[in-house]
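Report on the following structure.
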Amino acid sequence: MSESKAQPPPPPPATALYKQRSWSCDTYRDEVWLRRKDNNRRRRRSKSVTDEDLDELKACIELGFGFDSPDLDRRLSDTLPALGLYYAVNKQYNDSVSKSSSASSESDASSSPLGSPHTMFGPGDNPQTVKARLRQWAQVVACSVRQSSS
1 MSESKAQPPP PPPATALYKQ RSWSCDTYRD EVWLRRKDNN RRRRRSKSVT DEDLDELKAC
61 IELGFGFDSP DLDRRLSDTL PALGLYYAVN KQYNDSVSKS SSASSESDAS SSPLGSPHTM
121 FGPGDNPQTV KARLRQWAQV VACSVRQSSS
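The sequence shown: position 11 = 11 (the UniProt record's numbering), numbered continuously.
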C-alpha cells in the first residue's frame, strides 16, 4: 500500500496583535501616550517652530552648547527644530557682516535672504501667524547675537 503523504494545510495569515481593551490602571496613561505620539508626529511633519522649540534652543545656548558648524546636522535639527531657523539667521547675519566689510552692489542688498522675516510668510498669511513668526524670528536673532558676542 502506498500512502500518499498530504501536505498539511498552510498556516493562517499572521494578524496584527492588538492590546486587550479591558480596564487597567494604565489605560488612561496609554491613551494619553498615543495622543501625544500622534501630536508629535503631526508637529514634526509640519516643520513649524513652536515656542517650546525656541525655549529648548535658548536653554541649550545658555547651557553653553555652541552651534558653530557651517553645516546643519539633520539629526540634531530633528531633535531641535528651531535650529534650522537659528542657522538661517546666523547665515544671514554672517553674510551681512561680510558684505558690510566689503563693497556690495544695490541688487545684493535688495534680495531677501532665507533667514529674513520676508521669506517666512506670504502676503496672504493670517496676521496672528505673521506676528508669531516675527516674534520667533526676533528671539532667534537675540540668541544668535548673544552666541556670537560671547
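Note that beta-carbon positions come from the ideal geometry of N, C-alpha and C, so glycine has one too.
query: If you run the structure through DSSP and keep just helix, strand and coil, what is Ala82?
result: The residue you call residue 82 lines up with position 82 of the sequence shown. Ala82 falls in the coil class under three-state DSSP.
- prompt: Do Val89 and Val130 have their CB atoms nearer than 8 Å?
  reply: Taking the first residue of the sequence shown as 1, we reach residue 89 at position 89. Taking the first residue of the sequence shown as 1, we reach residue 130 at position 130. With respect to the 8 Å criterion, Val89 and Val130 are not classified as neighbours on the basis of their beta carbons.
task: Consult DSSP for Thr129 and reduce its assignment to one of helix, strand or coil.
output: Against the sequence shown, residue 129 aligns to sequence position 129. Helix, per DSSP.
Distance between Pro11 and Phe67 (C-alpha atoms, nearest Å): Here the question's residue 67 lines up with position 67 in the sequence shown. Here the question's residue 11 lines up with position 11 in the sequence shown. Their backbone Cα atoms lie some 55 Å apart in a straight line.
- request: Please state if the CB of Cys60 and the CB of Leu85 are separated by a distance shorter than 8 Å.
  value: Here residue 85 refers to the residue found at position 85 of the sequence shown. Here residue 60 refers to the residue found at position 60 of the sequence shown. Using a Cβ distance threshold of 8 Å, Leu85 and Cys60 do not count as a contacting pair.
- prompt: Do you know offhand how far Arg133's Cα is from Lys58's?
  reply: Counting from one through the sequence shown, the residue named residue 133 turns up at place 133. Counting from one through the sequence shown, the residue named residue 58 turns up at place 58. Taking the CA atoms as reference points, Arg133 sits about 16 Å from Lys58.
query: If Leu83 sits next to Leu72, beta carbons under 8 Å apart, how far is it from one beta carbon to the other, in whole angstroms?
result: Translated into positions along the sequence shown, residue 83 becomes position 83. Translated into positions along the sequence shown, residue 72 becomes position 72. Between Leu83 and Leu72 a beta carbon distance of about 7 Å is seen, short of the 8 Å cut, so the two are scored as contacting.
query: Would you call Trp33 buried or exposed, if buried means 16 or more other Cβ atoms sit within 10 Å of its Cβ?
result: Taking the sequence shown and counting its residues from 1, one reaches residue 33 at position 33. Trp33 comes out exposed.
query: Can you tell me whether DSSP reads Thr50 as helix, strand or coil?
result: Residue 50 sits at position 50 when you count from the first residue of the sequence shown. Assignment of Thr50 by DSSP, reduced to helix, strand and coil, places it in the coil class.
- request: Measure the Cβ-Cβ separation of residue 151 and Ser149 and say whether it is below 8 Å.
  value: Since the first residue shown for the chain is 1 and the last is 150, residue 151 is missing from the structure and cannot be characterised.
query: Nearest to Thr50 by CA position, among Arg135, Arg35 and Lys91, is which residue?
result: If you number the sequence shown from 1, residue 50 lands on position 50. Thr50 has its Cα closest to that of Arg135, out of Arg135, Arg35 and Lys91.
field: Closest residue to Ala138 among Arg75, Tyr28, Arg74 and Leu54 (Cα-Cα distance)
entry: Sequence index remark: in the sequence shown, residue 138 carries index 138 (1-based). Checked all of Arg75, Tyr28, Arg74 and Leu54; the closest Cα to Ala138 is Leu54.
field: Alpha carbon of Arg35 to alpha carbon of Asp78, nearest angstrom
entry: In the sequence shown, the residue the question calls residue 35 occupies position 35. In the sequence shown, the residue the question calls residue 78 occupies position 78. When the Cα atoms are used, Arg35 and Asp78 turn out to be separated by approximately 20 Å.
message: What does the Cβ neighbour count give for Gly115, buried or exposed, with the cut at 16 atoms within 10 Å?
response: Locating residue 115 in the sequence shown gives position 115, counting from the first residue. Caution is warranted here: a pLDDT of 47 is assigned to Gly115, below 50, making its placement in the model unreliable, and the coordinate value is therefore given only provisionally. Its Cβ being crowded by 16 or more others within 10 Å, Gly115 is buried.
message: Please report the distance separating the alpha-carbon of Gly124 from that of Asp26.
response: To locate residue 124, count along the sequence shown from 1; it is residue 124. To locate residue 26, count along the sequence shown from 1; it is residue 26. Rounded to whole angstroms, Gly124 and Asp26 show a C-alpha spacing of 46 Å.
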